[in-house]
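Asks: Quick one: the structure is below, and I'll ask about it shortly.
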Amino acid sequence: MQFHVFDGGGDGGGDGGGDGGGGGGQSYGAGGAYMGSPPAQGAPFLIFDPLGGEICEKDLNFNVVFPWSGWEPDLFGVIALAEFGQTDWRRSIQAPDPPHRHADIFAEIDQLAAMARDERPRLIGEILDQNTRLRGYFAEVLMMSPWSHPSSLKIIEMAIRVAQMVAIDFKLRFNRARPQQICPALVPLINSPGHASFPSAHSLESHLIALALADIHPRHTRRMLVALADRIGRNREVAGVHYPSDTHAGKVIAHQAFEILKECPTFKAVLAEAKREPGKAGTLVLPSGRSTSKKKRGKRS
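Using UniProt numbering, read the sequence shown as starting at 1 and increasing by one per residue.
Structure (structure tokens):
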């Protein structure tokens, strides 16, 4: 049996082949127990006679539609692109100009060199991880998972897809050279991406995600989400692939893009669902009759 999406099933595979993989997934997570595909066999499903019985009309459910909960989160990003693209966003969003004076560009290069020397060694692991796993940092800050916050994860996908499109559009307009093109001695920690530098897509994506999630969760989380977005953007400077002005532009553009995104119909609908997801400790009545909810304790006399 093949397992995917969740970890767990695959790790157990070494203990006893395919069945062991399923068992491994059942230990502490849903992994292999739920996510998989049946082995190849002749019969479609045991509700029908496996020896060749006929499928009857009464066995079919004609009044069914595909559930919203069954849609993959990243496909909501595609829906958001379609709706966002129908707006007048190209005229509405204004980006600050990147520096053109040689003195200003030199100052940024000098700043990047100092970052590489003083900060890069202790941030190597984080920078490499954020290069491919940006979404996970926001999910971890808010303790979100596919089963506890499915709509919030859809919001992340919608924000990141829109941010990518907007970022690429501005990159095409400005076509700014990467820092190492101006100063090869910078030697970035990661390969410079195969597109122009301005604005920083990581900064734009992170800040658009932060703004979207801050609209869902309690007010006190906003500062933390913005701080995370700032850190992700700055880490790209430490890595040597972006100028500080790239990062700033990504943040400025994200704020304007969010004002448009939050008016898109599907985003508004998913946002409303996300606001109903658990944002604080829920109440679970245990078999003993005790509750997991927190109650104010009376003062001892």
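Every residue, glycine too, gets a C-beta built ideally from N, C-alpha and C.
Treat the numbers as computed from the prediction; the structure is a model and nothing was measured.
Express the C-alpha separation of PRO121 and CYS183 in angstroms, rounding to a whole number.
Replies: If you take the alpha carbons of CYS183 and PRO121, they lie about 20 Å apart.
Asks: Could you spell out the range, first to last residue, of the alpha helix (DSSP H) harbouring SER148?
Replies: SER148 -> no alpha helix (DSSP H), and no H or E assigned at all.
Asks: Can at least three beta-carbon pairs, one atom from the segment 234-250 and one from the segment 94-112, be found at a separation below 8 Å?
Replies: Touching, yes, given that three or more Cβ pairs across the two stretches are closer than 8 Å.
Asks: Taking ARG135 as the reference, which of ARG117, ALA116, HIS195 and ALA163 has the closest Cα?
Replies: It is ALA163.
Asks: Please work out which residues of its chain come closer than 8 Å, Cβ to Cβ, to GLN256, disregarding the five sequence neighbours upstream and downstream, and give them in chain order.
Replies: Only SER92, ILE93 and GLN94 meet the Cβ criterion.
Asks: Tell me which same chain residues have a C-beta within less than 8 Å of the C-beta of ASP74, skipping the five on either side of it?
Replies: If we look at ASP74 and ignore the five residues flanking it on each side, its Cβ neighbours are GLU157 and ARG161.
Asks: If I'm right that TRP89 touches ILE260 with Cβ under 8 Å, what's the distance once you round it to whole angstroms?
Replies: With 8 Å as the limit, TRP89 and ILE260 qualify as a contact, their Cβ atoms being about 5 Å apart.
Asks: Quick one: is LYS268 buried, meaning 16 or more other Cβ sit within 10 Å of its Cβ, or exposed?
Replies: Exposed, since its Cβ has fewer than 16 Cβ neighbours within 10 Å.
Asks: Taking contact to mean at least 3 C-beta pairs separated by less than 8 Å, is the segment 175-193 in contact with the segment 146-153?
Replies: Because the criterion of three Cβ pairs below 8 Å is not met, the segment 175-193 and the segment 146-153 do not touch.
Asks: From ARG173, SER245 and LYS262, pick the residue whose C-alpha is nearest to that of ALA107; which is it?
Replies: Selected option, being the one with the closest Cα: SER245.
Asks: Quick check on this structure: which residue in LEU271, PRO96, ILE216 and GLN130 has the alpha carbon closest to the alpha carbon of LEU228?
Replies: Among LEU271, PRO96, ILE216 and GLN130, the Cα nearest to that of LEU228 belongs to GLN130.
Asks: Near TYR137, which residues of its chain fall below 8 Å by C-beta distance, leaving aside the five closest residues on each side in sequence?
Replies: Counting only Cβ-Cβ distances below 8 Å, and skipping sequence neighbours, we find GLN130, LEU228 and ILE232.
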